[in-house]
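> One line per chain: the protein sequences are A and B, in this order. This note's numbering numbers the first residue of the first sequence as 365 and each following residue consecutively. This note's numbering numbers the first residue of the second sequence as 365 and each following residue consecutively. Take a look at this one; I'll ask things after.
Protein chains: 2
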Amino acid sequence: MEMKAIKVNKALDEAIPMQEPIKVHEAMRYSLLAGGKCVRPILCMAACEVVGGDESLAIPAACAVEMIHTMSLIHDNLPCMDNDDLRHGKPTNHKVFGENTAVLAGDALLSLAFEHVATKTRNVTPQRVVQAIGELGLTVGSGGLVEGQIVDLASEGKQVSLTELEYIHHHKTGKLLEAAVVCEAIMGGGNEEDVEKLRSYARCTGLLFQVVDDILDVTKSSDELGKTAGKDLMTDKATYPKLMGLEKARQFAGE
Amino acid sequence: MEMKAIKVNKALDEAIPMQEPIKVHEAMRYSLLAGGKCVRPILCMAACEVVGGDESLAIPAACAVEMIHTMSLIHDNLPCMDNDDLRHGKPTNHKVFGENTAVLAGDALLSLAFEHVATKTRNVTPQRVVQAIGELGLTVGSGGLVEGQIVDLASEGKQVSLTELEYIHHHKTGKLLEAAVVCEAIMGGGNEEDVEKLRSYARCTGLLFQVVDDILDVTKSSDELGKTAGKDLMTDKATYPKLMGLEKARQFAGE
């Protein structure tokens, strides 16, 4: 399992070599190679193999998913957004490189994600590559990460229902995970039925993933957690533990 | 000629219908449909037709180019970047919708650009679509718009050589124009030789385009120009007129 994460991290390292202008490449690499990248690549590549594809077909799209995920972290952490100082125990991108470089590093990563799939995928029909790019695109824009973040920002300081919370998390976390799995099923040569089965499976997994993350936020200290602990409570953001109570959220995650 | 711009604007309007969450779609549409979109679509679609392709093949990629261009304007205008209040005579995106929505609207437009080419292009082989997406990707990231903006930001308040200025403008303006032309030559069914010829042609055009823009900045008032006039001089940014003197820059543009 861990081997898959290592392979993706190696491919990510090679995808963004240090070059001029140094600062933006350094900023891109700082957040992209910050570690903690296990769940998504492993799920991704498993989806490719489940439909009978070789692991190697899955790596460029797995890299793209990590690039998109990293872009959304960098932008969501900005002072004008969630204003987060720590992530995985390290200062956030804008804290180290400044706000302007952080915005640009995110833009460059987002664009590189699509370019990388288009130019680095081998032994997959162009038709499948185009289809995968379409799926990836859906996860970012106004129906994905961006939509989730807009609704999340609007929810600060307000009473949010469980349905609204699920909506936010589905868009901010679930959709990318879902697209990752779907992309890899496409890359791996899966037929339409397989792809749709895996899409449903990934939808459930994505939700679980977020509940666990929310629980970690209230129960762990900043040191263990690597992001400002309890911050979601402080800024009065909607989380599962806040809405359901910690014990119920734990139970929900257990189920 | 104008008909082409009208067709692209109609396609852009349809690409982003007003829907929930309203605020981000409104922000995307505000800057994308702000008018002034003539040069790029016309050049784009001409490139498609030059190689014998029907105009309809060119429209999705022309839309993508406008989305990428708009994203870069929205992000470059942010307070942490160039801090511009006016663009085409209208308040900039963050002035109207707030910084966080402006960042997200840019992200959504960038992602939609790639998704749009992947999902809306008709009657072009998937191989050509993948190739065009790869070309578009190169214009944004660390070798394109982002690189230009990083170097541009670093140049404020410094003495910049003409070579450095050309480097900035090539990355911030020229590369997208070049990619637009190249993409459309690919979509139109051009062979490798045609595509490379058009690439060289577009490279020259892109440079000229920026010189004219710089001259307009010093000679026109804010009212005529639609952006804070003389702002490049105020912030001591490198421009052609500053480096060459206004008369020489005019002469250079004339050539």
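Glycine included, C-beta positions come from ideal geometry on N, C-alpha and C. All values derive from a computational prediction rather than experimental measurement.
#1: Where does A/Pro381 land, buried or exposed, given buried means 16+ other C-beta within 10 angstroms?
#2: Can you pull the chain A neighbours of B/Asn555, defined as C-beta to C-beta under 8 Å?
#3: Is the Cβ of A/Val494 closer than 7 Å to any Cβ of chain B?
#4: Give me the chain A residues within the contact set of B/Asn464, using Cβ-Cβ distance strictly less than 7 Å, ordered along the chain.
#5: Taking the alpha helix (DSSP H) that B/Ser519 falls in, what are its first and last residues?
#6: Hey, B/Glu548 and B/Ala422 are a contact pair by Cβ (cut 8 Å); roughly how many whole angstroms apart?
#7: Counting Cβ pairs, one atom from each stretch, are 3 or more of them under 8 Å apart for the segment 466–484 of chain B and the segment 492–508 of chain A?
#8: Out of A/Ala566, A/Glu556 and A/Leu541, which one is the CA nearest neighbour of A/Ala425?
#9: Using a C-beta to C-beta distance shorter than 8 Å, which residues of chain B count as neighbours of A/Val460?
#10: How many angstroms separate the CA atom of B/Leu476 from the CA atom of A/Glu366?
#11: Whether or not the segment 401–419 of chain B and the segment 368–375 of chain B are in contact is what I'm after, with contact meaning three or more pairs of Cβ atoms, one per stretch, closer than 8 Å; do they touch?
#12: Are any of the Cβ atoms in chain B nearer than 7 Å to that of A/Val504?
#13: Report the rounded CA-to-CA distance for B/Thr465 versus A/Val515, giving the unit in angstroms.
#14: Looking only at its chain, what residues have a beta carbon closer than 6 Å to the beta carbon of B/Glu499, apart from the 5 residues adjacent to it on each side?
#15: Do B/Val494 and A/Pro490 have their C-beta atoms closer together than 7 Å?
#16: Looking at the structure shown, is A/Pro443 part of a helix, part of a strand, or coil, going by DSSP?
#17: Ordered along the chain, which non-local residues of its own chain (more than five positions away) have a Cβ less than 7 Å from that of B/Val488?
#18: Pick out whichever of A/Glu419, A/Met435 and A/Asp418 has its Cα sitting closest to the Cα of A/Met392.
#19: So the candidates are B/Asp558, B/Phe478 and B/Tyr565; which of them puts its Cα closest to the Cα of B/Gly417?
#20: Would you say A/Ala398 and A/His452 are within 7 Å of each other, going by their C-beta atoms?
#21: Mind checking B/Gly521: buried by the 16 CB within 10 Å criterion, or exposed?
#22: Out of B/Glu479, B/Arg486, B/Glu511 and B/Val510, which one is the CA nearest neighbour of B/Ile497?
#23: Starting from B/Lys387, find everything on chain A with Cβ-Cβ shorter than 7 Å and list it in chain order.
#24: Taking DSSP as the reference, what is the three-state secondary structure of A/Leu450?
#25: Would you report the Cα separation of B/Thr537 and A/Val414, rounded to the nearest angstrom?
#26: Establish whether the CB of B/His439 and some CB of chain A are separated by less than 7 Å.
#27: Identify, in the order they occur along the chain, each residue of the same chain with its Cβ nearer than 7 Å to the Cβ of B/Asn457, setting aside the five sequence neighbours on each side.
#28: Considering only their Cβ atoms, is the gap separating A/Cys427 from A/Ala379 smaller than 7 Å?
#29: Using the Cβ count rule (16 or more neighbours within 10 Å means buried), how would you classify A/Gln523?
#30: Got a sec, what are the start and stop residues for the alpha helix (DSSP H) A/Asn457 sits in?
So, to answer that:
#1: Against the first sequence, residue 381 of chain A aligns to sequence position 17. The residue in question, A/Pro381, is exposed, as its Cβ has fewer than 16 Cβ neighbours within 10 Å.
#2: In the second sequence, counting from the first residue as 1, residue 555 of chain B sits at position 191. Chain A residues near B/Asn555: none, gap ~18 Å exceeds 8 Å.
#3: Within the first sequence, the letter at position 130 stands for residue 494 of chain A. Cβ-Cβ to chain B under 7 Å: yes for A/Val494.
#4: Residue 464 of chain B sits at position 100 when you count from the first residue of the second sequence. Simply Cys444, Met445 and Leu517.
#5: As a working mapping, residue 519 of chain B is identified with position 155 in the second sequence. Note, B/Ser519: alpha helix (DSSP H), Leu509 to Ser519.
#6: Your numbering for residue 548 of chain B matches position 184 in the second sequence. Your numbering for residue 422 of chain B matches position 58 in the second sequence. Beta-carbon to beta-carbon, B/Glu548 and B/Ala422 are separated by about 5 Å, close enough to satisfy the 8 Å threshold.
#7: yes
#8: Reading the first sequence from its first residue, position 61 is the one you call residue 425 of chain A. With respect to the C-alpha of A/Ala425, the residue from A/Ala566, A/Glu556 and A/Leu541 having the closest C-alpha is A/Leu541.
#9: For this step, residue 460 of chain A is matched to residue 96 along the first sequence. None at all; the shortest Cβ gap to chain B is about 14 Å.
#10: Taking the first residue of the second sequence as position 1, residue 476 of chain B is located at position 112. Taking the first residue of the first sequence as position 1, residue 366 of chain A is located at position 2. Their Cα atoms are separated by approximately 33 Å.
#11: When Cβ pairs closer than 8 Å are counted between the two stretches, the segment 368–375 of chain B is seen to touch the segment 401–419 of chain B, the count reaching three or more.
#12: Counting from one through the first sequence, the residue named residue 504 of chain A turns up at place 140. Chain B, which has a Cβ nearer than 7 Å to the Cβ of A/Val504, makes this yes.
#13: If you number the second sequence from 1, residue 465 of chain B lands on position 101. If you number the first sequence from 1, residue 515 of chain A lands on position 151. Cα to Cα, B/Thr465 sits roughly 11 Å from A/Val515.
#14: As a working note, residue 499 of chain B is residue 135 in the second sequence. Excluding sequence positions up to five before and after B/Glu499, its CB lies within less than 6 Å of the CB of Ala543, Val546 and Cys547, all in the same chain and listed in chain order.
#15: Residue 494 of chain B sits at position 130 when you count from the first residue of the second sequence. Residue 490 of chain A sits at position 126 when you count from the first residue of the first sequence. Yes, the Cβ-Cβ distance between B/Val494 and A/Pro490 is below 7 Å.
#16: Walking along the first sequence from the start, residue 443 of chain A turns up at place 79. Three-state DSSP puts A/Pro443 in coil, outside helix and strand.
#17: For the purposes of this step, residue 488 of chain B is taken as the residue at position 124 of the second sequence. Around B/Val488: Leu421 and Met551.
#18: For the purposes of this step, residue 392 of chain A is identified with residue 28 of the first sequence, where counting begins at 1. Among A/Glu419, A/Met435 and A/Asp418, the Cα nearest to that of A/Met392 is on A/Met435.
#19: Taking the second sequence and counting its residues from 1, one reaches residue 417 of chain B at position 53. Measuring from the Cα of B/Gly417, the nearest candidate turns out to be B/Asp558.
#20: The sequence position of residue 398 of chain A within the first sequence is 34, counting from 1. The sequence position of residue 452 of chain A within the first sequence is 88, counting from 1. Going by C-beta atoms, A/Ala398 is nearer than 7 Å to A/His452.
#21: Walking along the second sequence from the start, residue 521 of chain B turns up at place 157. By the 10 Å Cβ count, B/Gly521 comes out exposed.
#22: Counting from 1 along the second sequence, the entry for residue 497 of chain B is found at position 133. The shortest C-alpha separation from B/Ile497 is found at B/Glu479.
#23: Mapped onto the second sequence, residue 387 of chain B falls at position 23. Those within 7 Å of B/Lys387 in chain A are Ile514.
#24: Residue mapping note: residue 450 of chain A aligns to position 86 of the first sequence, counting from 1. DSSP places A/Leu450 in strand when its eight states are reduced to three.
#25: Within the second sequence, numbered from 1, the residue matching residue 537 of chain B stands at position 173. Within the first sequence, numbered from 1, the residue matching residue 414 of chain A stands at position 50. Whole-angstrom Cα-Cα distance: 44 Å.
#26: Here the question's residue 439 of chain B lines up with position 75 in the second sequence. So yes, B/His439 belongs to the interface.
#27: Residue mapping note: residue 457 of chain B aligns to position 93 of the second sequence, counting from 1. Once the five neighbours on either side are set aside, the close Cβ partners of B/Asn457 are Ala391, Tyr394, Ser395, Ile438, Asn441, Ala466 and Ala469.
#28: For this step, residue 379 of chain A is matched to residue 15 along the first sequence. For this step, residue 427 of chain A is matched to residue 63 along the first sequence. The answer is yes: Cβ separation under 7 Å.
#29: Along the first sequence, read from residue 1 onward, the residue named residue 523 of chain A stands at position 159. Exposed, by the Cβ-count rule.
#30: Here residue 457 of chain A is taken as the residue at index 93 of the first sequence, counted from 1. Taken as a continuous stretch (DSSP letters only), the alpha helix (DSSP H) holding A/Asn457 covers Asn457 to Phe461.
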